[in-house]
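Trainee: Take the sequence shown: its letter number 447 is residue 483 in this note's numbering, and every next letter is one higher.
The beta carbon of each residue, even a glycine, is placed where N, CA and C say it ideally should be.
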Amino acid sequence: MEGKIGMSDAYRRAWQRSIEDREGFWSEAAEAVDWFAPPAQAWNDETGWFGGGVLNTCYNMVDRHIAAGRGDSLALIHDSPVTDSVRHYTYAELGEEVGRVAAMLAALGIAKGDRVVIYMPMIPETVFAMLACARLGAVHSVVFGGFAPLELAKRIDDATPRVLLAASCGIEGSRTIGYKPMVDEALRLSTHQIERVVLFQRDRQQGEIVAPRDIDWADLRAATATDPIPAPVPVKSEDPLYILYTSGTTGTPKGVVRENGGHAVALTWSMANIYDIAPGDVFWAASDVGWVVGHSYIVYAPLLVGATTVLFEGKPVGTPDAGTFWRTIVRHGVKTFFTAPTAIRAVRKEDPDGELMRSIGIGDCRAIFLAGERADPETIAWAEEQSGLPVIDHWWQTELGWPALATCFALGDTRRRRGSAGFPVPGYDFAVLDEMGHPVPNGDSGAVVMREPLAPGAFRTLWNNHKGYQKNFLAFPGWYETGDAGYIDADGFVHIMGRTDDIINVAGHRLSTGQMEQIVAATPGVAECAVIGADDAIKGMIPVAFVVPRAGLADEAALHAAVIAAVRRELGAVAALKTAYVVQQLPKTRSGKILRNLLRKIVNGEEFTTPATIDDPAVPALLVAAVHPTVAVD
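(1) Assuming residue 303 contacts residue 336 (C-beta within less than 8 Å), just tell me the rounded distance between them.
(2) Taking all protein chains shown into account, decide if residue 430 is buried (16 or more other Cβ within 10 angstroms of its Cβ) or exposed.
(3) Residues in the same chain with beta-carbon distance under 8 Å from residue 511, minus the five sequence neighbours each way, listed in chain order, please.
(4) My assumption, with CB atoms under 8 Å, is that residue 318 sits in contact with residue 366. Please give the rounded CB distance.
(5) Tell me the DSSP secondary structure of residue 445 in three-state form.
(6) Can you tell me whether residue 534 is helix, strand or coil according to DSSP?
(7) Quick one: what does DSSP say residue 650 is sitting in, helix, strand or coil?
(8) Kindly indicate the opening and closing residues of the beta strand (DSSP E) around residue 613.
(9) Measuring CA to CA, which of 204, 150, 476 is closest to residue 192?
(10) So residue 585 is in the alpha helix (DSSP H); what residue range does that whole segment cover?
(11) Should residue 574 be labelled buried (16 or more other beta-carbon atoms within 10 Å of its own) or exposed?
(12) Can you tell which of 495, 389, 125 has its C-alpha closest to the C-alpha of residue 734?
(13) Taking 7 Å as the limit between beta carbons, can you name the residues of its chain near residue 99, skipping five residues before and five after?
(14) How about the stretch 393-403 and the stretch 577-593: do they share at least three Cβ pairs that are nearer than 8 Å?
(15) Consult DSSP for residue 289 and reduce its assignment to one of helix, strand or coil.
(16) Give me the Cα-Cα distance between residue 173 and residue 613, rounded to the nearest whole angstrom.
(17) Where does residue 384 fall in DSSP's three states?
(18) Taking 8 Å as the cut-off, does the stretch 348-358 touch the stretch 109-126 (at least 3 CB pairs, one atom from each stretch)?
(19) Less than 7 Å between the CB of residue 96 and some heavy atom of the ligand NAD, yes or no?
(20) Check residue 94 in the structure and name its three-state DSSP category.
(21) Give a yes or no on contact between the stretch 477-492 and the stretch 399-419, applying the rule of three or more CB pairs nearer than 8 Å.
(22) So the candidates are 108, 79, 72; which of them puts its Cα closest to the Cα of residue 94?
(23) Looking at the unbroken alpha helix (DSSP H) that takes in residue 362, where does it start and where does it end?
(24) By the three-class DSSP mapping on this structure, what secondary structure does residue 269 have?
(25) Going by the beta-carbon positions, is the gap between residue 185 and residue 244 smaller than 8 Å?
(26) May I ask you to report which of helix, strand or coil DSSP gives residue 297?
(27) Ignoring anything shorter than 3 residues, give me the beta strand (DSSP E) runs that lie fully in the stretch 159-190, in order along the chain.
(28) Quick check on the DSSP output: what are the complete alpha helix (DSSP H) runs of length 4 or more inside the stretch 380-432, in order along the chain?
(29) If contacts are defined as beta-carbon pairs under 8 Å, then residue 383 and residue 90 qualify, I think. What distance do you get, rounded to the angstrom?
(30) Go ahead and label residue 104 buried or exposed: buried means 16 or more other beta carbons lie within 10 angstroms of its beta carbon, across all protein chains shown.
(31) Determine the direct distance from the alpha carbon of residue 660 to that of residue 636, and round the result to whole angstroms.
(32) Between which residues of its own chain and residue 446 is the CB-CB distance below 7 Å, once the five residues before and five after are set aside?
(33) Is it a yes or a no for the stretch 590-597 touching the stretch 634-649, going by three-plus beta-carbon pairs under 8 Å?
(34) With DSSP collapsed to three states, give me the class of residue 80.
(35) On the three-state DSSP scale, how would you describe residue 555?
(36) Hey, quick one: how far does the beta strand (DSSP E) through residue 277 stretch, first residue to last?
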């Protein structure tokens, strides 16, 4: 859907009220949450959002739905094509499972304010563990299962947890990855000593129990089987719910702190007003609980509103094929589907004509939402044309915890422009500023910022690093610097073009690699791509493209020529794109983000360390061989 389209009255009223009457708007939104003690006001400079409020997030996700007579309603579906199994849990069954894990943790002495690290795959027990921590008022920190031991050790030393919950292994496509050896190595590397490791043994691969530190999950559950289920512990609105680590520029991970009150209110509001999800609806976010999307929209948001959430242990392709998304949607009656652009590109690469989608269908699905990285117009166009559904790109960050730019589908807003993440979500006030902090004209690129205070649910500090948090507001006082570059067009659509360091200076001309990627992605035969800025002795920097061809495309030389010609045709010779490496795979994190900084180092011939977040550690060596064929690679 292109062009200028009038905004819905419901969206316009909601956004204006959220800016002009912040207190009234969010106080009303907070009524959708059950409080042990209601907040004194919506915003307070000292306590943040909903100061004076006392609640328990687990109570809001489980107990209140059971008390309302919805215990038999379906809460969680675990669909695991890698183990060929599907499990269902009603709200009553979820409450029992969460309660038993809470009793296990309580028996180990875990109480309000204690930290618990969770190093587990996409299995129901991971969700039970997260909610059990919330029930006790403990602070969980989920670390993506399979993260390198050194990275896990860094997080252990920063969060100083008393207990680590782990699974014996994870299953990535056809690979089984042993987690316990990595846990043992991380604990050897860490300075902080954990009191207990509780190990959930999976059938695929067992882990070694190291006495007396380790205890088998099943043994601990059996030992506490008759213990009473702990009551939900009241916590203040501003008390931390979880710590989620995101990469830092110094190599030290940043622990984003999520507070209970603002988080519960914001996510509850988002489900009803962005995604159009009500109690009993089925919502599926095809992400991982190791990332913010998994926290917010696999675990917390759907259960806060009494919906059914799908926990998927598989891949968009290969488990078993590129039709697995559509089968899952049809099988479970998914109403709203949320995934990453990378996943759609992977599906398109394997099924370019959408034959699997047409043969399987899309069931009851009403909309597809994309986030995690910029969705290029070509990918959105393909998904819309094949599915017949609105495909809505929206934007947010780990720091924010929920969308800041979107088309608020449930408010009757249908405006979409391919390449744009939409409009400010109520609660967020955006601007685009130049280097001096002055607003730029519509259409001009600059730094994307948001007025403080940020909306409920957004972070207000980093764990053990409040100064690091404050840096986000130093460049433009009064504004949160997102670190992204972009522009606002004449119709108010906000375009996020990439990180600010993706703006490159070519012989004095400031060019957006994101804009070039958009052109390259639209070139026939391209499945996905990345454009980075490489050092150049004459021009300072030049753009270099990496292109993954669609399945079955053999003429790499012709694809290279077509990419170069497309960029020259649309941007002119000043773009200076003369090199496009045709490769079979791009380096990505497990959440699907392309590791552009790694590509930049490879092209520049710099030394690099394979990031702990990478999905396939073999890819960098293959790229070095493609870019520098005469360089020996270990």
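Mentor: Taking the coordinates as given:
(1) Locating residue 303 in the sequence shown gives position 267, counting from the first residue. Locating residue 336 in the sequence shown gives position 300, counting from the first residue. Residue 303 to residue 336, Cβ: 6 Å. Contact.
(2) Start at 1 with the first residue of the sequence shown, and residue 430 comes out as number 394. When all chains shown are included, residue 430 counts as buried.
(3) As a position in the sequence shown, residue 511 is number 475, starting the count at 1. Cβ within range, chain order: 473, 483, 517.
(4) As a working mapping, residue 318 is identified with position 282 in the sequence shown. As a working mapping, residue 366 is identified with position 330 in the sequence shown. Not confirmed; about 11 Å, so no contact.
(5) The residue given as residue 445 occupies position 409 in the sequence shown. Residue 445: helix per DSSP, three-state reduction.
(6) Reading the sequence shown from its first residue, position 498 is the one you call residue 534. Of the three classes helix, strand and coil, the one that applies to residue 534 here is strand, per DSSP.
(7) Counted from its first residue, the sequence shown places residue 650 at position 614. If DSSP states are grouped into helix, strand and coil, residue 650 belongs with the strands.
(8) Locating residue 613 in the sequence shown gives position 577, where the first residue counts as 1. Counting along the chain, residue 613 falls outside any beta strand (DSSP E), and DSSP gives it neither H nor E.
(9) In the sequence shown, the residue the question calls residue 192 occupies position 156. When only C-alpha atoms are compared, the closest one is 150.
(10) Residue mapping note: residue 585 aligns to position 549 of the sequence shown, counting from 1. Residue 585 -> not in any alpha helix (DSSP H); beta strand (DSSP E) instead, spanning 576-585.
(11) Taking the sequence shown and counting its residues from 1, one reaches residue 574 at position 538. Residue 574 should be labelled exposed.
(12) Residue 734 lies beyond the range of the chain shown here (37 to 670); nothing can be said about it.
(13) By 1-based counting over the sequence shown, the position of residue 99 is 63. The answer, listed in chain order, is 131, 268.
(14) no
(15) Within the sequence shown, the letter at position 253 stands for residue 289. Note: residue 289 maps to coil in three-state DSSP.
(16) As a first step, residue 173 must be located in the sequence shown, where it is residue number 137. As a first step, residue 613 must be located in the sequence shown, where it is residue number 577. If I take the Cα positions, the gap works out to 54 Å.
(17) Indexing the sequence shown from 1 puts residue 384 at position 348. Looking at residue 384 - three-state DSSP - the assignment turns out to be helix.
(18) yes
(19) As for the ligand NAD, it is missing from this structure, which has no ligand bound.
(20) Numbered from its first residue, the sequence shown carries residue 94 at position 58. Helix, per DSSP.
(21) no
(22) Counted from its first residue, the sequence shown places residue 94 at position 58. Here the closest residue by C-alpha is 72.
(23) Looking up residue 362 in the sequence shown gives position 326. For residue 362, the uninterrupted alpha helix (DSSP H) segment begins and ends at 360-368.
(24) Looking up residue 269 in the sequence shown gives position 233. In this structure, residue 269 counts as coil in the three-state DSSP scheme.
(25) Position 149 of the sequence shown, counted from the first residue, corresponds to residue 185. Position 208 of the sequence shown, counted from the first residue, corresponds to residue 244. Not a contact, by the Cβ cut-off of 8 Å.
(26) As a position in the sequence shown, residue 297 is number 261, starting the count at 1. DSSP places residue 297 within a helical segment (H, G or I) once states are collapsed to three.
(27) 175-178
(28) 391-396, 413-423
(29) As a working note, residue 383 is residue 347 in the sequence shown. As a working note, residue 90 is residue 54 in the sequence shown. Residue 383 to residue 90, Cβ: 45 Å. No contact.
(30) The count along the sequence shown starts at 1 and reaches residue 104 at position 68. Counting Cβ neighbours within 10 Å, residue 104 comes out exposed, since fewer than 16 surround it.
(31) Translated into the one-based positions of the sequence shown, residue 636 becomes position 600. Translated into the one-based positions of the sequence shown, residue 660 becomes position 624. Cα to Cα, residue 636 sits roughly 11 Å from residue 660.
(32) Working through the sequence shown from its first residue, we reach residue 446 at position 410. For residue 446, where only same-chain residues beyond five positions count, the Cβ hits under 7 Å are 308, 309, 310, 311, 312.
(33) no
(34) Locating residue 80 in the sequence shown gives position 44, where the first residue counts as 1. Reduced to three states, the DSSP call for residue 80 is strand.
(35) As a working note, residue 555 is residue 519 in the sequence shown. It is helical.
(36) Counting from 1 along the sequence shown, the entry for residue 277 is found at position 241. Run containing residue 277: 276-282, per the beta strand (DSSP E) assignment.
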